[in-house]
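Below is one structure, written out as structure tokens; comments come after it.
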Amino acid sequence: MASQQLAGTAVPELSGALKRPQASLAAEPFFDARNVPFQQRFFSLPSAITLPCQKPFTLIYSLLLPYNYSAFHEPQVYNAMALPRLTRGDYTVALICPMAHELAPLGEMLDQNHQPLQTIRDQNSYKLGSMAGHNVVIATMPGTGTHKAATVATQLLNDFPSIRFGLLVGIGGGIPSANVDIRLGDVVVSTPTGGFGGVVQLDRGKNLSDGKFMRTGSLAKPPPVLSAHVAQLSGTHEARGNQIKTFLSKLNPYMKTGGYTYQGSQQDLLFWANYTHPDEGTCEKCDPTKLKERHPRDDGDIPKIHYGTIGSSNSVIKDGEFRDKLRKELGIICVEMEAAGLMDDFPCLVIRGICDYADTHKNDRWQRYAAATAAAYAKELLSTIPSADMVTAPVAIQGGM
Ligand SMILES: [Zn+2]
């Protein structure tokens, strides 16, 4: 990526000083019944009864139902112009996610939404807001693959020139072992190990069945400000546990009934690497005697965070024996399909919720929950980084390229 070309792009809305998210900024334009104290609904009852044009059944229904009545049973008028409006130069963190079900939980982690802004070429789709004290840009990708990630990142840095770093947030395939007990819904964070920068680029070529692969590169390390806070947060988790469940509890009820919740340990199936899934669909017909024996976790559905090397490939890896080979030869604990397109050009950290074990039994049952746990980790990490650290960190378009 040509930094000179990016740096030379005119940015008319760039402001001199970074704006921190303000608590006093305009409130969200949605009316949300969850924000109305229950008693206040009863205070409105007398006047409602005296008005002949009131809708009595609707009123009674709204009083009896839980808080989410108005939010999910009545049409809402969304007025983007009522949201706070910042400039493109105010945004310091980029959150990049490939698919809609990865975008949804990230959007829910926003503390406040902001007005959309016109960008230079309008090629990317952005969602703007504040998260844990930082102004963030959430960018989605037009499909999976390392080259698409690179295109999105290039445009993003042109559109938002104060971005310090990116978090690549989404799902990936886990590679469990005797030393790294990965379960579905856990989170893997790219961490420099064994001479690698946190992400290893893989290229298996066209023949996916011969088990051959070629490591084509080890990508740049995450920026220091991120690495330092990842280490600090890891220490906090050792002492007090993580906050993933706390953040997940704040997802809206619609998402909680739509697959964004823990799917149950009985649905977390790890087969022997050489046992092939017999057909399409779920593992109902798979041989339970081929399951690897694993002890239930004492703390049940609390996701664990794992740190290590992530393998990034343009092709889907769904081969148990090949997966284990990656672990043995390269120490990889997770595989995904976007990071290699970003890491050389964009200072970022890869955060992957584990949705399968990269074998033939791979299906999409855990994808939404895994996307949610990754989003929750991203928010917890951002909550540990003071705004002052962002001011002194180099902007990605200069220092990270
Ligand atoms: Zn199966």
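Just so we're aligned, residue 10 is where the sequence shown starts under this note's numbering, counting upward by one. Built from N, CA and C at the ideal position, the CB exists for glycine as well.
>> By the DSSP assignment, the beta strand (DSSP E) with T149 in it spans what residues?
In response: 143-149
> Just to check, is the beta-carbon of C292 closer than 7 Å to a non-hydrogen atom of ligand 1?
Replying inline: yes
> Considering only residues of the same chain and omitting the five flanking positions on each side of T101, which have a CB-CB separation below 7 Å?
Replying inline: L27, H143, N144, S171, I172, R173, M399
> C295: beta carbon under 7 Å from a heavy atom of ligand 1?
Replying inline: yes
> Which one of K388, I191, F205 has the shortest CA to CA distance from D310?
Replying inline: I191
>> What would DSSP say about M140, mapped onto helix, strand or coil?
In response: strand
>> Among S236, R97, D99, N122, whose alpha-carbon lies nearest the alpha-carbon of M90?
In response: N122
>> Just to check my reading of the structure: G179 and A380 have Cβ atoms closer than 8 Å, yes? What is that Cβ distance to the nearest angstrom?
In response: 6 Å
>> Taking the alpha-carbon of F280 as reference, which of G290, I129, D296 has the nearest alpha-carbon?
In response: D296
>> For V404, tell me which candidate among H110, I147, L165, G317 has the shortest Cα-Cα distance.
In response: L165
>> Taking the straight line between their C-alpha atoms, what separation do you get for R377 and I342?
In response: 20 Å
> How many whole angstroms separate the CB atoms of P125 and L137, which I take to be in contact at a CB cut-off of 8 Å?
Replying inline: 6 Å
>> Only counting the same chain, and skipping five residues up and downstream in sequence, which positions put a Cβ closer than 6 Å to that of C364?
In response: I180, W375, Q376, A379
>> Given a cut-off of 8 Å on the beta-carbon distance, is the pair M335 and I129 in contact?
In response: Per the sequence presented here, residue 335 reads as Leu, with Met not at that position. Not closer than 8 Å, so no.
> Where does T245 land, buried or exposed, given buried means 16+ other C-beta within 10 angstroms?
Replying inline: exposed
> Within this structure, are the beta carbons of G340 and T202 separated by less than 8 Å?
Replying inline: yes
> Given a threshold of 16 other Cβ atoms within 10 Å of its Cβ, counted over all protein chains shown, does H156 qualify as buried or as exposed?
Replying inline: exposed
> Leaving out five residues before and five after I69 in sequence, what residues of the same chain have Cβ atoms less than 6 Å from its Cβ?
Replying inline: Interpretation of I69 is limited by its pLDDT of 45, a score under 50 that renders its predicted location unreliable; no figure is taken from the coordinates.
>> Let's see if you can read the secondary structure: which residues bound the alpha helix (DSSP H) around F464?
In response: As displayed, the chain neither begins before 10 nor continues past 410, which places residue 464 out of reach and without an answer.
>> In whole angstroms, give me the CA-to-CA distance for G317 and V197.
In response: 7 Å
>> Below 7 Å, is the gap between the Cβ of H286 and the nearest heavy atom of ligand 1?
In response: yes
> Rounded to the nearest angstrom, how far is the Cβ of H286 from that of T393, given a contact under 8 Å?
Replying inline: The pair is not a contact, with the Cβ atoms about 40 Å apart (cut-off 8 Å).
> Where I58 and N167 are concerned, what is the direct C-alpha to C-alpha distance, given to the nearest angstrom?
Replying inline: Bear in mind that the predicted position of I58 carries a pLDDT of just 41, short of 50, making it unreliable; the figure below should be weighed with that in mind. Distance between the alpha carbons of I58 and N167: 57 Å.
> alpha helix (DSSP H) containing S396: first to last residue?
Replying inline: 396-401
>> Run through the DSSP bridge pairs and tell me what S324 is partnered with.
In response: The partner list for S324 (beta bridge, DSSP) is empty, contrary to what the question assumes.
>> Could you tell me the alpha carbon to alpha carbon distance between V189 and S236, rounded to whole angstroms?
In response: 21 Å
> Near T270, which residues of its chain fall below 7 Å by C-beta distance, leaving aside the five closest residues on each side in sequence?
Replying inline: Y378
> Within 10 angstroms of its Cβ, does H304 collect 16 or more other Cβ (buried), or is it exposed?
Replying inline: exposed
> What's the C-alpha gap between G320 and N88?
Replying inline: 42 Å
> For the alpha helix (DSSP H) that I253 lies in, which residues bound it at each end?
Replying inline: 253-257
>> Going by DSSP in three states, A348 sits in which element: helix, strand or coil?
In response: helix
>> Taking the beta strand (DSSP E) that Q210 belongs to, which residues open and close that run?
In response: 208-212
> Which residue or residues does DSSP assign as beta-bridge partners of F174?
Replying inline: V102
> Going along the chain, which residues of its own chain have a beta-carbon closer than 6 Å to the beta-carbon of C292, five neighbours each way excluded?
Replying inline: L278, H370
> Within 8 Å (strictly less), CB to CB, does C364 reach chain B?
Replying inline: Considering every chain present, this structure includes no chain B. It has just one protein chain.
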